[in-house]
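Just so you know, we're using the numbering used here here: the sequence shown kicks off at 1 and counts up by one.
Notes for the one structure printed next.
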Amino acid sequence: MGNNIWEKLNYEAEKLQGSRTWSPFVTGGDVSCALESENGKIFTGINIENCCGVVCLCAERVAITKMVTETGELVVKRLLARGSIPPKEELNNWAPCGACREFLMQLSDKNKDTEIMMDFETGKTITLKELIPYWWGDVRFKK
């Protein structure tokens, strides 16, 4: 593993990946995430799912929640998520779902610049503002 931050994030996410069953109702680990906070710290998470879909947690939100609770930081510089199944043939990383995108946007207006790895193999990234170009909450941050 080199000094490249994306390599570190990919390594940390890859280490966590793997299906887990905690009870007959709760599973997870098929998606893992590593993110870099504004201050350069790395946080990780895995998805946690249950039979009552509305209380499931994405790997991204688990990692973000760890960042917020452990440091009080609200800004994510970079985010990389991996799934056991690639999201598309042309990509090998996952973009955050709508709930995770919204959570990031509401935490800090700086998160619109969060860089998201779309394909680790090619280095393709995208920013959160490219995923949500007309976000409804921009006006509130400007007040």
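A virtual CB, placed ideally from N, CA and C, is assigned to each residue, including glycine.
For residue i, the nearest candidate out of the options (CA to CA)
{"i": "V76", "options": "I46, W135, G29 and C100", "result": "C100"}
{"i": "T71", "options": "K88, E36 and M105", "result": "E36"}
{"i": "Q17", "options": "L91, I48, G123 and L74", "result": "I48"}
{"i": "I116", "options": "A95, S108 and L104", "result": "A95"}
{"i": "V55", "options": "F25, K15, R20 and M105", "result": "F25"}
Range covered by the beta strand (DSSP E) that runs through residue i
{"i": "G28", "result": "V26 to S37"}
{"i": "I42", "result": "I42 to N50"}
Beta-carbon separation (whole angstroms), residue i vs residue j, contact threshold 8 Å
{"i": "E60", "j": "A81", "result": "6 Å"}
{"i": "D119", "j": "L91", "result": "5 Å"}
{"i": "A177", "j": "E12", "result": "Residue 177 lies beyond the range of the chain shown here (1 to 143); nothing can be said about it."}
{"i": "K129", "j": "D109", "result": "Actually they are not in contact, since the Cβ atoms of K129 and D109 sit about 10 Å apart, beyond 8 Å."}
{"i": "I5", "j": "R78", "result": "6 Å"}
{"i": "G83", "j": "V31", "result": "5 Å"}
Range covered by the alpha helix (DSSP H) that runs through residue i
{"i": "E121", "result": "It is not in any alpha helix (DSSP H) - E121 carries neither H nor E in the DSSP assignment."}
{"i": "L57", "result": "Where L57 is concerned, there is no enclosing alpha helix (DSSP H), given that its DSSP letter is neither H nor E."}
>> With three or more C-beta pairs closer than 8 Å as the rule, is the stretch 40-47 touching the stretch 59-74?
In response: yes
> What are the complete alpha helix (DSSP H) segments, minimum 4 residues, inside the stretch 64-112?
Replying inline: 98-107
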